[in-house]
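Notes follow once the structure below has been shown.
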Amino acid sequence: MLDINVIRDNLEALRAGAAKKHVEVDLDRLMELDDERRRLIRLVEDAVADQRRRSKALGKLSDEERQKEVASLGELKEVIKRDEESLASVMVDFDALMLRVPNFPAEEVPEGKDDAENVELYKVGEIPKADFDRRDHVELGAHLEILDIERGVKLSGARFYVLKGAGALLHRAVLEFAYQHMIKKGFLPMEVPLLVRDPAMVGTAYYPGGEDQAYRMERDQLSLVGTAEVPVTAYRGGEILDEAELPIRMVARSPCFRREAGAAGKDTRGLYRIHQFEKVEQVVLMKNDEEASYEEHQSILRNSEEVLQALELPYRVVNVCGGDLGVPHVQKYDIETWMPSRGNYGETHSASRFHDFQARRLNIRYRDESKKKRFCHTLNNTVVASPRILIPLLELYQQKDGSVVVPDVLRPFMMGLEVIRPS
RNA sequence: GGACAGGUGGCAGAGUGGUCGAUUGCGGCAGAUUGCUAAUCUGUUGACGGGGGUUUUUCCCCGUCCGAGGGUUCGAAUCCCUCCCUGUCCGCCA
């Protein structure tokens with residue numbers, strides 16, 4: 009959410025920003041609603057002040073005067089009630105529209121309407137050539153008996169899977185490796201609720217707009233999170249922090265649930281697009297400083313690159329274009345890891361910078377040196393998401409004989425297993 | 001799930017229809033006192049919104065906020081309803 013005053017003062021810049029993001033938002037209507045809202049607030053408050061004064065003065069009046077005054081106040085009460093109802097109805101529309109006003113995209117965000125126009129910034133690692141025909145992860149997984157998609161679908165439907173044996177171990181190993189990597193860097197490990205109330209979903213800007221992508225337990229009014237970003241970012245919601253506490257760097261490992269509505273028929277093979285996966289996510293809460301925020305964005309991007317480099321997986325970093333940005337974003341970098349079966353890089357990480365957009369919705373503030381309250385800045389990035397990362401891991405580490413070598417850094421997390429072979 | 005008791009300012013804790021935004025204590029901040037510290041004394045001390053003023057800071061006026069939302073009333077922290085949360089006991093349960 010943006011400050012209404014900032015919106016008023018930068019209306020044209022915001023229009024341009026929304027256009028860059030290819031987001032439709034009726035800012036003229038917002039201005040009308042804001043004018044009406046301010047007018048009604050003044051009207052109601054002046055009337056209430058009058059009502060209070062006259063009500064208090066009732067005791068000093070004679071019986072006859074009091075009777076007349078009470079009758080007159082009764083009429084005033086009706087007027088106030090009517091105006092309050094008008095205000096409430098304007099506020100409903102105003103608040104709903106405010107939640108849909110997109111954040112300003114950064115200068116360096118490229119123009120473009122969808123992910124095809126994301127701009128590659130750099131590549132790391134050579135794409136290895138194999139002197140044999142590689143199997144894709146689905147075939148390989150079946151051959152090694154570590155991945156069972158058929159029975160996953162039997163249990164839960166399309167886009168579900170079962171990992172077993174060394175597959176289950178590899179999944180947990182890559183997550184644990186990433187988790188510990190972040191803890192060593194000073195991030196605070198967190199275990200958080202995965203079912204959250206609406207304010208957490210709205211605060212992180214998944215709602216409104218993303219309702220179709222989330223599993224919502226209507227009976228309990230809770231949503232299964234699609235990322236630990238939601239509970240971890242919302243964790244300090246409503247609080248006023250000490251500046252000395254900042255930045256707060258947190259890391260959480262959690263299951264993630266996504267409906268993938270609208271993706272029917274897309275990426276149907278294998279582990280790429282699934283309803284349930286696990287992710288290690290880094291989240292930063294920091295002071296309200298655009299330059300520091302930018303630096304932190306670079307820093308959380310590097311943290312994840314370190315994980316891919318330790319796994320020796322080739323990847324590239326892209327600067328996400330306006331049309332592929334979400335409503336809350338200032339800027340986003342995706343990391344795409346080389347996936348032989350796709351013959352291309354596939355998205356494995358997403359590093360986001362929001363300025364105070366989420367913090368304003370979540371009401372996370374701190375007192376700065378001059379004791380002034382300011383909204384924090386928030387950022388986050390994937391550290392690793394599995395099983396999607398198992399696609400390049402299995403496909404690139406496979407040997408001619410159909411076995412898969414376990415990357416060195418993961419062996420300690422796999423009870424020393426060095427090579428995955430059929431049982 | 002059932003029964004009971006509660007939710008008041010950073011914390012503790014008064015207040016049961018009318019100068020209550022709220023007694024008091026602790027904490028915080030400022031000052032006094034004292035070689036320093038501690039102790040003591042004095043003062044001060046919330047959030048959000050609207051308007052004015054300044055437009056960096058300070059300031060002034062008004063409104064709202066006693067878990068949330070609704071209701072009764074000329075007037076609600078105080079009465080009523082719904083929901084949320086906490087505690088205790090019972091039931092169920094990984």
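Count the first sequence with this note's numbering and you get residues 9 to 431, in order. Ideal Cβ positions, reconstructed from N, Cα and C, are used throughout, including at glycine.
(1) Where residue 152 and residue 351 are concerned, what is the direct C-alpha to C-alpha distance, given to the nearest angstrom?
(2) What's the C-alpha gap between residue 414 and residue 425?
(3) Could you say if the segment 141 to 156 and the segment 393 to 403 meet the contact criterion of at least three C-beta pairs nearer than 8 Å?
(4) Rounded to a whole number of angstroms, what is the C-alpha to C-alpha distance between residue 196 and residue 353?
(5) Compute the Euclidean distance between the alpha carbons of residue 149 and residue 155, then round it to the nearest angstrom.
(6) Can you give me the C-alpha to C-alpha distance between residue 321 and residue 344, rounded to a whole angstrom?
(7) Would you mind giving the Cβ-Cβ distance between residue 293 and residue 256, rounded to the nearest angstrom? I have them listed as a contact below 8 Å.
(8) Kindly give me the distance between the Cβ atoms of residue 259 and residue 233, rounded to whole angstroms, as I take these residues to be in contact under 8 Å.
(9) What does the alpha-carbon distance come out to for the pair residue 386 and residue 362?
(10) Applying the 10 Å Cβ sphere with the 16-neighbour rule, what's the burial state of residue 129?
(11) Where does residue 157 land, buried or exposed, given buried means 16+ other C-beta within 10 angstroms?
(12) Give the DSSP-derived three-state secondary structure of residue 286 in the structure shown.
(13) Since residue 337 contacts residue 312 with CB under 8 Å, what's their CB separation in whole angstroms?
(14) Taking residue 291 as the reference, which of 317, 367, 220, 248 has the closest Cα?
(15) Curious, which full-length alpha helix (DSSP H) runs of at least 4 residues does the segment 89 to 158 contain?
(16) Taking C-alpha atoms, which residue in 46, 171, 371 lies nearest to residue 243?
(17) For the putative contact between residue 239 and residue 201, defined by C-beta atoms under 8 Å, what is the C-beta separation to the nearest angstrom?
(18) What are the boundary residues of the alpha helix (DSSP H) that residue 308 is part of?
(19) What are the uninterrupted segments assigned as beta strand (DSSP E) that are 3 or more residues long and contained completely in the segment 342 to 404, given in chain order?
(20) Could you please give the first and the last residue of the uninterrupted alpha helix (DSSP H) stretch that includes residue 13?
(21) Between the C-alpha atoms of residue 160 and residue 173, what's the straight-line distance to the nearest angstrom?
(22) In terms of alpha-carbon separation, which member of 59, 230, 192, 323 lies closest to residue 82?
(23) In whole angstroms, what is the alpha-carbon distance linking residue 378 and residue 247?
(24) Would you report the Cα separation of residue 334 and residue 110, rounded to the nearest angstrom?
(25) Following the continuous alpha helix (DSSP H) through residue 205, name the residue where it begins and the one where it ends.
(26) Here's a check: name, in chain order, each residue in its chain whose Cβ is nearer than 7 Å to the Cβ of residue 277, leaving out the five neighbours to either side.
(27) Can you say whether residue 100 is buried or exposed, counting buried as having 16 or more other CB atoms within 10 angstroms of its CB?
(28) Kindly give me the distance between the Cβ atoms of residue 285 and residue 393, rounded to whole angstroms, as I take these residues to be in contact under 8 Å.
(29) Going by C-alpha to C-alpha distance, which of 178, 177, 19, 407 sits closest to residue 33?
(30) For residue 126, count neighbouring Cβ atoms within 10 angstroms of its own Cβ and tell me buried if that reaches 16, exposed if not.
(31) Applying the criterion that 16 or more other CB atoms from any shown protein chain within 10 Å of the CB defines a buried residue, is residue 342 buried or exposed?
(32) I need the boundaries of the alpha helix (DSSP H) containing residue 8, first residue and last residue.
(33) Spatial neighbours of residue 264 within its chain, please: C-beta separation below 6 Å, excluding the five flanking residues on both sides.
(34) Tell me whether the beta-carbon of residue 397 lies closer than 7 Å to the beta-carbon of residue 170.
(35) So, are the CB atoms of residue 216 and residue 41 less than 7 Å apart?
(36) What is the DSSP secondary structure of residue 520, reduced to helix, strand or coil?
In short, the structure shows the following:
(1) Each residue's alpha carbon lies about 22 Å from the other.
(2) When rounded, the distance between both Cα atoms is 7 Å.
(3) Yes, since at least three Cβ pairs between the segment 141 to 156 and the segment 393 to 403 fall closer than 8 Å, the two stretches touch.
(4) A straight-line Cα-Cα distance of about 31 Å links residue 196 and residue 353.
(5) Taking the straight line joining both Cα atoms gives about 5 Å.
(6) For residue 321 and residue 344, the distance between alpha carbons rounds to 10 Å.
(7) Contact between residue 293 and residue 256 holds: CB atoms are separated by about 4 Å, below the 8 Å threshold.
(8) Contact flag wrong, Cβ pair sits at about 15 Å.
(9) Between residue 386 and residue 362, the C-alpha separation is close to 6 Å.
(10) Counting every other CB atom within 10 Å of its CB across the protein chains shown gives residue 129 a total below 16, marking it as exposed.
(11) Residue 157 comes out buried.
(12) In the structure shown, residue 286 sits in a strand (DSSP, three-state: E or B).
(13) Not confirmed; about 17 Å, so no contact.
(14) Looking from the CA of residue 291, the closest CA among 317, 367, 220, 248 belongs to 367.
(15) Counting only runs of 4+ residues, the alpha helix (DSSP H) found wholly inside the segment 89 to 158 occupies 145 to 152, in chain order.
(16) The residue with the shortest Cα to Cα distance from residue 243 is 371.
(17) Right, the Cβ-Cβ distance comes to about 5 Å (below 8 Å), so this counts as a contact.
(18) Segment 298 to 318, the alpha helix (DSSP H) holding residue 308.
(19) Listed in chain order, they are 352 to 361, 373 to 375, 381 to 383, 385 to 394.
(20) Here the alpha helix (DSSP H) through residue 13 covers 12 to 17.
(21) Approximately 15 Å, taken between the alpha carbons.
(22) Among 59, 230, 192, 323, the Cα nearest to that of residue 82 is on 59.
(23) Taking the Cα positions, residue 378 is about 18 Å away from residue 247.
(24) Using only the alpha carbons, I get a separation of about 8 Å.
(25) No alpha helix (DSSP H) holds residue 205; DSSP gives it neither H nor E.
(26) Only 146 meet the Cβ criterion.
(27) Residue 100 should be labelled exposed.
(28) Rounded to the nearest angstrom, the Cβ distance from residue 285 to residue 393 is 6 Å, consistent with a contact under 8 Å.
(29) Per the C-alpha coordinates, the member of 178, 177, 19, 407 positioned closest to residue 33 is 19.
(30) Around the beta carbon of residue 126, a 10 Å sphere encloses 16 or more other beta carbons of the protein chains shown; the residue is thus reported as buried.
(31) Residue burial is scored here from C-beta neighbours: residue 342 has at least 16 other C-beta atoms within 10 angstroms and is therefore classed as buried.
(32) Because the chain in this structure spans residues 9 to 431, residue 8 falls outside the shown range and cannot be described.
(33) Result list for residue 264: 234, 235, 285, 287, in chain order.
(34) It is not a contact, given that the beta carbons lie outside the stated cut-off.
(35) Here residue 216 is not near residue 41, since their CB atoms are 7 Å or more apart.
(36) In the structure as shown, the chain begins at 9 and stops at 431. Residue 520 is therefore absent and cannot be evaluated.
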